[in-house]
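A quick write-up on the structure given underneath.
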Amino acid sequence: MKKHEKIALDSLLSRSSTDDLTSPAPKGDELETILSAVMRAPDHGKLRPWRLVLVHGEARVTLAERVVASMKRIDPDVPEKKIEKRYNRFSTMPLIIVLGMHLKPEDKIPLIEQELAVGAAGMNLLNALHAAGYGAVWVSGEITYDPVFAAELGFPAPHGLAGFFFVGTPKDEDHHSKRRPVAPYVTEWTGEPVSFGADKD
Ligand SMILES: Cc1cc2nc3c(=O)[nH]c(=O)nc-3n(C[C@H](O)[C@H](O)[C@H](O)COP(=O)(O)O)c2cc1C
């Protein structure tokens with residue numbers, strides 16, 4: 001294995017999520033390079049269904065207010081503690097990237113494949129952020145699937161949201177979680193229906 005390939009593989013093998021983030025978040029040319037990784041996501045039909053919305057500065061407060069409104073719309077009895085936690089996270093994360101989906105249900109490419117391409121874009125984004133030395137976590141929650149909230153952000157049906165990426169610098173450089181072994185998730189096909197160690201109770 002060549003040196004640069006080993007570095008790339010080590011990066012893939014060491015990424016993990018964290019929401020314990022502080023400034024700085026990437027910006028300028030560096031941010032554009034990181035974001036460009038989504039353009040390497042596999043994409044049947046070249047539909048490029050992923051959309052990235054950058055939220056920083058004061059706009060985070062407006063986003064947090066919309067998040068709270070969505071939570072109350074979904075559940076008028078939502079506990080105040082939950083609201084407070086969500087509001088604080090959305091209004092203070094160094095950078096939030098909303099991952100939107102620009103979907104074409106009438107296209108010959110099945111909708112699930114369009115959504116999978118957006119998911120692949122999200123994974124590339126997480127890996128690119130990690131490779132560049134930043135920390136991130138992909139979060140969703142019921143607000144992600146609130147069509148009113150999605151429309152407010154610019155994704156009216158049939159479009160929608162795939163989630164939110166909290167981005168910044170990890171407060172703890174050693175935050176990385178232990179990587180689990182892959183063996184329970186892999187099997188060899190011998191002509192019979194497969195089963196996995198991961199599915200055994
Ligand atoms: C589509 C999607 C939505 C997610 N939503 C949440 C969420 O709302 N809250 C949360 O704690 N983790 C959520 N996760 C999981 C985290 O992003 C993360 O993967 C998990 O905490 C495990 O950490 P790891 O990436 O280090 O393995 C989501 C993951 C995906 C792919």
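Residue numbers for the sequence shown, in UniProt numbering: 1 to 201. Where a beta carbon is used, it is the ideal one built from N, C-alpha and C, also for glycine.
Check whether W189 and A121 have beta carbons under 8 Å apart: Residue 189 sits at position 189 when you count from the first residue of the sequence shown. Residue 121 sits at position 121 when you count from the first residue of the sequence shown. Their beta carbons are not under 8 Å apart, which means W189 does not touch A121 by this criterion.
Ligand 2 heavy atom lying under 7 Å from the CB of G163: Ligands in the displayed structure: ligand 1; ligand 2 is not one of them.
Bounding residues of the alpha helix (DSSP H) (the contiguous stretch that carries G122): Walking along the sequence shown from the start, residue 122 turns up at place 122. From DSSP, the alpha helix (DSSP H) with G122 extends over L111 to A131.
L9: first and last residue of the uninterrupted alpha helix (DSSP H) it sits in: Here the question's residue 9 lines up with position 9 in the sequence shown. Per DSSP, L9 belongs to the alpha helix (DSSP H) from K3 to S14.
G28 classed as buried or exposed, judged by whether at least 16 other C-beta atoms fall within 10 angstroms: Within the sequence shown, numbered from 1, the residue matching residue 28 stands at position 28. Exposed is the call here.
C-beta contact flag for R180 and L13 at 8 Å: The residue you call residue 180 lines up with position 180 of the sequence shown. The residue you call residue 13 lines up with position 13 of the sequence shown. For the 8 Å CB-CB criterion, R180 and L13 do not form a contact.
Short Cβ contact (8 Å threshold) for A64 with S91: Position 64 of the sequence shown holds residue 64. Position 91 of the sequence shown holds residue 91. Yes. Within cutoff.
I83 vs V68 beta-carbon contact at 8 Å: Along the sequence shown, read from residue 1 onward, the residue named residue 83 stands at position 83. Along the sequence shown, read from residue 1 onward, the residue named residue 68 stands at position 68. Yes, Cβ-Cβ distance for I83 and V68 is below 8 Å.
M1 burial status per 10 Å Cβ neighbour count (16 or more: buried): Counting from one through the sequence shown, the residue named residue 1 turns up at place 1. Flag for M1 reads exposed.
Residue burial classification, V194 (beta-carbon count within 10 angstroms, cutoff 16): Taking the first residue of the sequence shown as position 1, residue 194 is located at position 194. Burial call: exposed.
Meets three-Cβ-pair contact criterion under 8 Å: the segment 159-171 and the segment 127-141: In short, these stretches touch, since the Cβ pair count reaches three.
Integer-rounded CB distance, given that V53 should sit under 8 Å from N124: Start at 1 with the first residue of the sequence shown, and residue 124 comes out as number 124. Start at 1 with the first residue of the sequence shown, and residue 53 comes out as number 53. Between V53 and N124 the Cβ distance is about 17 Å, and since that is not below 8 Å, they are no contact.
Residues that DSSP places opposite L63 in a beta bridge: If you number the sequence shown from 1, residue 63 lands on position 63. In DSSP, L63 forms no bridge with anything.
Where V194 falls: helix, strand or coil (DSSP): The count along the sequence shown starts at 1 and reaches residue 194 at position 194. In this structure, V194 counts as coil in the three-state DSSP scheme.
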